[in-house]
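*Asks:*
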Amino acid sequence: MANPRPSPYHAFNFLVSFGNSATTNAGFQEVKGMSIEVTSSEYRAGNSSVNYPIKVSGLTKSTDITFSRGLIGALDLYQLIDAVRTGTQTPQDVHVQLQDEAHNPVMTFTLKNARPIRYTAPTFNAKSGADVAMEELVLAIEDLLLE
Numbered sequence: 004m005a006n007p008r009p010s011p012y013h014a015f016n017f018l019v020s021f022g023n024s025a026t027t028n029a030g031f032q033e034v035k036g037m038s039i040e041v042t043s044s045e046y047r048a049g050n051s052s053v054n055y056p057i058k059v060s061g062l063t064k065s066t067d068i069t070f071s072r073g074l075i076g077a078l079d080l081y082q083l084i085d086a087v088r089t090g091t092q093t094p095q096d097v098h099v100q101l102q103d104e105a106h107n108p109v110m111t112f113t114l115k116n117a118r119p120i121r122y123t124a125p126t127f128n129a130k131s132g133a134d135v136a137m138e139e140l141v142l143a144i145e146d147l148l149l150e
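For the sequence shown, the tail end lands on 150 under the working numbering, and the numbers increase by one without skipping.
1. Just the C-alpha distance for Ile75 and Thr42, rounded to the nearest angstrom, thanks.
2. Would you give the residue range spanned by the alpha helix (DSSP H) that Val87 belongs to?
3. Skipping 5 residues on each side, what residues in its chain have a beta carbon closer than 6 Å to that of Ile120?
4. State the CB to CB distance for the pair Val97 and Leu80, rounded to an integer number of angstroms; the pair is presumed to be in contact (CB under 8 Å).
5. Do Gly73 and Gln100 have their C-beta atoms closer together than 8 Å?
6. Going by Cα to Cα distance, which pick from Arg8, Ala5, Ser10, Leu18 is closest to His106?
The following block contains the structure:
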């Protein structure tokens, strides 16, 4: 599905869906942390003619993903983490779909076997009246796929 073009896409048009549903009651302001890392190990045979180790590729790791949105009074994000606490949650795929300026899908990031690991409620502060109450959900994933 990836649609190459000469100029970069903007990062502000995206949709998030958890599992097979269109998910949440509101859009997310930010999705951050989507990355893949390949670990490496050093190895040097004792009879090697060079005096340095070689690098050997190891396991791949995907980082935890953070979803942030303004608090709207919906309990859907809290219910995801509560399902983990009560033992009723099963890992599910999460899709983050990047869109172009005309809201056509151009690339989909699939977070394989995502499971909630942290919910953060807003910080309340009576001194500043301009801040939006934000909530966050952090997911641990097994793999990150792009299409």
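We put the beta carbon where it would ideally sit given N, CA and C, even for glycine.
*Replies:* In short, the structure shows the following:
1. 40 Å
2. 79 to 89
3. Val141, Ala143
4. Actually they do not touch by this definition, with Cβ atoms about 12 Å apart.
5. no
6. Leu18
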